[in-house]
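Data first, discussion second: the structure below is written as C-alpha cells.
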Amino acid sequence: MRIYKILLINIMMYLFINTTYAEQKTFCDSYDTQLTHMNAITSNDAPYAGLPKPLTQHEYKELPATINSYCPPCTLKDPTSCAHRPCQTKNIMPLDVYHGIQAKGDPWMKMANREALNSVEHGGGPFGVVILQIDDKSGKILRYWINHNHVVEWADPTAHAEVTTIRSASRELGVLNLGHINQKEAKLPQPSEWSHCVLYSSAESCPMCTAAIYWAGIGEVAFSATRFDAAVKGVDFSDEMIYDEFARPYDKRQHMHIVHSITDNSLDAFNYYKRNNVARYGAAP
C-alpha cells in the first residue's frame, strides 16, 4: 500500500511540475515554449497591407526628434558607466546608406521589436523576427512565425533571429523556397496555388542573415534598428569588420587565414551531382 502511495505522490508531482512550468521541446536544441514560438500562428486570413511605403523627403523631415521613448533603469555594476550609455531616442541613419527606404512602422514591425525585447529580458540576444506567409491570390495573411536570437541559449553562433525563424517556417512548411510556395508541395494548407513570405526583423540583418534571407527566396524585408544602432557602445554588435573583409582579396584579409587547397578530388561531388538523378536544391537567388 505504501508503494502505491509513493507512486501516486510521484505522479502528482510530475503532473504539477509539467503543468506549472513551461513545456520544453526540441528543435535543433531544447527551447522554452513560454518564451519561444517555433510553430506557426494562424492569422484568420487577415488582409496584408504590404510593406510600409517609403516616406517622401518632406515626410522624413517632419518626423519628431524623439522616436523611441522607452528608457529602462540602468542596473550596471559600475553606475558611472551608465552616463556613457544613454538611452537612444532615434535610429542612426546616414542618408547615403538608407536613402529612399525610410518608412513608418506597422504592427508587424512592432511585434518583431517586442520579441527582441522579450528575448533580451530573458537572457537572449536583443533581436526578434516575424515571418508572414501571404496568399498570392487574395493577399491575405495565412499564418506567421515569431522567433528571436538563440545564440547564447543554444551555444550556437549561427542561431540569429533571422536564421531561427527561417528554419521554423521552412521546417513546418516543408519547403526550401519561402518566396514562392506551391500549394501541392507545402505541408500546411493554403487556399491558392501560390503563396510567399515576408520577413520583419527588429534590426538590420548581418551578412550571414542577409545571405540566409536570399537563399530562402524571401524578396520582401523590413527592419527597424540599423546596423549603426547595433554598433553603439554597450550594444557592440558591429559587422564593419566582416564588410571590410569581404572587400579584400583573400591574401589581404586580416582576421582569417585562408588557403585554396588544390586536390585531385575537389570536384568529385559536383561532378556526381550534375551527372546523376539526385535531389536538387540551391538555385541561385
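In terms of my numbering, the sequence shown is residues 55 to 339. Each residue gets a CB set at the ideal place from its N, CA and C atoms; glycine is no exception. For clarity, every value in this text was computed on a predicted model and none was experimentally measured.
Helix, strand or coil at Asp290 according to DSSP, with G and I counted as helix: By 1-based counting over the sequence shown, the position of residue 290 is 236. Asp290 falls in the coil class under three-state DSSP.
Status (buried if at least 16 other CB within 10 Å, exposed otherwise) for Gly336: Residue 336 sits at position 282 when you count from the first residue of the sequence shown. Counting Cβ neighbours within 10 Å, Gly336 comes out exposed, since fewer than 16 surround it.
The segment 188-206 in contact with the segment 237-251 per 3-pair CB rule at 8 Å: Output reads yes: the segment 237-251 touches the segment 188-206.
Cβ pair Thr280, Asn172 closer than 8 Å: Counted from its first residue, the sequence shown places residue 280 at position 226. Counted from its first residue, the sequence shown places residue 172 at position 118. In this structure, Asn172 does not lie closer than 8 Å to Thr280 by Cβ.
Cα-Cα separation between Gly154 and Gln111, rounded to whole angstroms: Here residue 154 refers to the residue found at position 100 when the sequence shown is read from its first residue. Here residue 111 refers to the residue found at position 57 when the sequence shown is read from its first residue. Taking the straight line from one Cα to the other gives about 8 Å.
Beta-carbon separation (whole angstroms), Lys164 vs Pro106, contact threshold 8 Å: Indexing the sequence shown from 1 puts residue 164 at position 110. Indexing the sequence shown from 1 puts residue 106 at position 52. Not a contact, Cβ separation roughly 12 Å.
Nearest to Pro101 (by Cα), restricted to the options Ser222, Leu186, Thr129 and Ala333: Counted from its first residue, the sequence shown places residue 101 at position 47. Checked all of Ser222, Leu186, Thr129 and Ala333; the closest Cα to Pro101 is Leu186.
Runs of beta strand (DSSP E) lying entirely within the segment 236-321, each at least 3 residues, in chain order: The beta strand (DSSP E) runs of length 3 or more contained entirely in the segment 236-321 are, from start to end of the chain, 248-257 and 275-279.
C-alpha gap between Ile267 and Ala213, whole angstroms: Looking up residue 267 in the sequence shown gives position 213. Looking up residue 213 in the sequence shown gives position 159. The alpha-carbon atoms of Ile267 and Ala213 are separated by roughly 14 Å.
C-beta atoms of Ser256 and Phe181 nearer than 8 Å: Against the sequence shown, residue 256 aligns to sequence position 202. Against the sequence shown, residue 181 aligns to sequence position 127. Yes. Within cutoff.
Chain-order list of residues whose beta-carbon lies under 8 Å from that of Lys287 (same chain, five-residue window excluded): For the purposes of this step, residue 287 is taken as residue 233 along the sequence shown, with counting starting at 1. The answer, listed in chain order, is His138 and Arg139.
Cut-off 6 Å between Cβ atoms - residues of its own chain near Cys251, not counting five sequence neighbours on either side: Position 197 of the sequence shown, counted from the first residue, corresponds to residue 251. By the criterion of a C-beta distance shorter than 6 Å, Cys251 is surrounded in its chain by Ile185, Gln187, Leu232 and Ile272, once the five residues flanking it on both sides are discounted.
Residues bridged to Val184 [DSSP beta-bridge criterion]: Walking along the sequence shown from the start, residue 184 turns up at place 130. BP columns for Val184 point to Ile200 and Tyr254.
Residues that DSSP places opposite Gln78 in a beta bridge: Stepping through the sequence shown from its first residue, residue 78 is reached at position 24. BP columns for Gln78 point to Asp86.
First and last residue of the uninterrupted alpha helix (DSSP H) at Ser97: Indexing the sequence shown from 1 puts residue 97 at position 43. For Ser97, no alpha helix (DSSP H) run applies; the uninterrupted beta strand (DSSP E) run containing it begins and ends at Ile95 to Pro101, by DSSP.
Through-space distance from Asn122 to Gln142, alpha-carbon basis: Translated into the one-based positions of the sequence shown, residue 142 becomes position 88. Translated into the one-based positions of the sequence shown, residue 122 becomes position 68. When rounded, the distance between both Cα atoms is 7 Å.
Residue environment, Asp189, which counts as buried when at least 16 other CB atoms sit within 10 Å: Within the sequence shown, numbered from 1, the residue matching residue 189 stands at position 135. Label assigned to Asp189: buried.
For Ile195: DSSP bridge partner residues: Position 141 of the sequence shown, counted from the first residue, corresponds to residue 195. Looking at the DSSP assignment, Ile195 forms a beta bridge with Ala100 and Ile188.
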